[in-house]
Amino acid sequence: MFSTFNKVLLGLVLIIAVAYFLQSRANSPEACANIEGLWDASEQVCKTPTDKVVFQSLSKPNPVSIISPETQMAVVLNKAEQVDDTIYFRGQNAMLAKGDKEAGIQGEIIYLNMSQFTLLDDNFKGLTYFAAPYIVNTKNNEINAYAGLFSYDFKTDQATHLSSAFLGNDIRETELTLIQKSVVKQNVFVQEGLIKFTFKSHGSNQTRTDYPNQANEVLLQLVALDPNNNSKASFRSIMRMHPSWDVNHDGINDCEETASCDPSFDYSQPKAN
């Protein structure tokens, strides 16, 4: 009896000792980095990386809603699915056809590409921000692609859809690249972030059934990613300009002087002679 009690007690002591040892191993910035953790200098503890925290929260307990650019309705992304190597959070806006009898018909479906999920700052308190591409499959079977900007609140574990930028229709091979992060120090914006989307769309000589072959690039500046307030956070589109559109080399498109710029025109292409 006494021997058994001693064995149990010894086992508990060993468990506590091992747990303390494992925890203490990560109680330094170097050790935290070795286990791919996030070091909190103010609290001197190793935390789960922000991207994992956000992903785990959105995948189950706190799904994010997207305000559809097509209908302005909120669509809750409460399903997760994998297509090939890509993970999506999916939601559907079910619509009803009214008549003699109400019958359910498929409304728009939104797919948020979480494999392209990208953090836009290094915040781990208050608010952090992330971007990801998403597609809207409309009730008319159109497939429209957008860039989505979101905030995540560490206190409430809730994500909020803040802004969208249209990328194209029936595009393929979308890639999101973080060029520079948003940086705020002592409530001062030190650096506005910048992201780039590349994708392929249909060329002028292609039909909708063809595989897109025209390369495209969209630059989006990250505006007002305040760690304390997301009310002004948004995208700002940046269009790269070919030097031929800036004759006086002042960095501004010449068409802006005459207010004749065409928003639908691609000024990254050389000016025709």
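For reference, each letter of the sequence shown is one residue, going 750 to 1022 in the working numbering. Glycine included, every Cβ here is placed at the ideal spot set by N, Cα and C.
Counting C-beta neighbours from all protein chains within 10 Å, is the total for residue i 16 or more, i.e. buried, or is it exposed?
i       : result
Val824  : buried
Ile884  : buried
Thr923  : buried
Asp975  : buried
Ala982  : buried
Tyr860  : buried
Val832  : exposed
Lys1020 : exposed
Ser953  : exposed
Pro961  : buried
Asp871  : exposed
Ser1009 : exposed
Phe984  : buried
Asn979  : buried
Ile815  : buried
Met863  : buried
Ser806  : buried
His910  : buried
Pro882  : buried
Between which two residues does the alpha helix (DSSP H) holding residue i run?
i      : result
Asp800 : Thr799 to Ser808
Give the range of the beta strand (DSSP E) segment to which residue i is assigned.
i       : result
Ala880  : Leu876 to Asn886
Asn862  : Ile858 to Asn862
Glu830  : Lys828 to Val832
Tyr1016 : Premise fails: Tyr1016 is in no beta strand (DSSP E) and is neither H nor E.
Val825  : Ala823 to Val825
Phe873  : Phe873 -> no beta strand (DSSP E), and no H or E assigned at all.
Gln841  : Thr835 to Gln841
Phe866  : Looking at the DSSP string, Phe866 is not in any beta strand (DSSP E), and its letter there is neither H nor E.
Asn814  : The residue asked about is misnamed: residue 814 is Ser in this sequence, not Asn. Its beta strand (DSSP E) spans residues Ser814 to Ile816.
Ser983  : Ser983 to Ile987
Residues in its own chain within less than 8 Å of residue i by CB, not counting five upstream and five downstream?
i       : result
Ile892  : Ile884, Val885, Asn886, Asn918 and Asp919
Glu830  : Ile836, Tyr837 and Arg839
Asp1003 : Trp994, Asp995, Val996 and Asn997
Pro818  : Val885, Asn893, Tyr895, Ser913 and Phe915
Glu1005 : none
Arg957  : Asp919 and His951
Which residues in the same chain as residue i place their Cβ atom closer than 7 Å to its Cβ, once the five residues preceding and following it in sequence are excluded?
i      : result
Asn827 : Pro812 and Gly840
Phe879 : Val803, Phe866, Thr867, Leu868, Leu869, Phe899 and Tyr901
Ile930 : It should be pointed out that residue 930 corresponds to Lys in this sequence rather than to Ile. The answer, listed in chain order, is Leu869, Asp870, Asp871 and Gly942.
Phe938 : none
Gln963 : Lys949, Ser950, His951 and Gly952
Measuring from the CB of residue i, is there a heavy atom of the ligand ZN at a distance below 7 Å?
i      : result
Phe838 : Because no ligand of any kind appears in the structure shown, any question about the ligand ZN cannot be addressed here.
In its own chain, which residues sit with a C-beta less than 6 Å from the C-beta of residue i, not counting the 5 before and 5 after it?
i       : result
Lys945  : Thr926, Ile928 and Leu968
Gln940  : Val932
Asn965  : Phe948 and Ser950
Gln970  : Glu941, Leu943, Arg985 and Ile987
Asp800  : Leu868
Ala973  : Lys981 and Ala982
Asn737  : An answer regarding residue 737 cannot be provided, because it is not within the stretch 750 to 1022 covered by the chain.
Arg921  : Lys949 and Pro961
Leu808  : Position check: residue 808 holds Ser in this sequence, whereas Leu was assumed. Hits under 6 Å: Ala829.
Thr1007 : none
Asn890  : none
Validate contact between the segment 901 to 914 and the segment 865 to 884 using beta carbons, cut 8 Å, 3 pairs: The segment 901 to 914, when compared against the segment 865 to 884, does touch it at the 8 Å Cβ threshold.
Which ranges would you report for the beta strand (DSSP E) in the segment 903 to 971 if only whole runs of at least 3 residues count? Restricted to the segment 903 to 971, the beta strand (DSSP E) segments that are unbroken, complete and at least 3 residues in length are 907 to 918, 921 to 929, 932 to 934, 937 to 940 and 942 to 950, listed in chain order.
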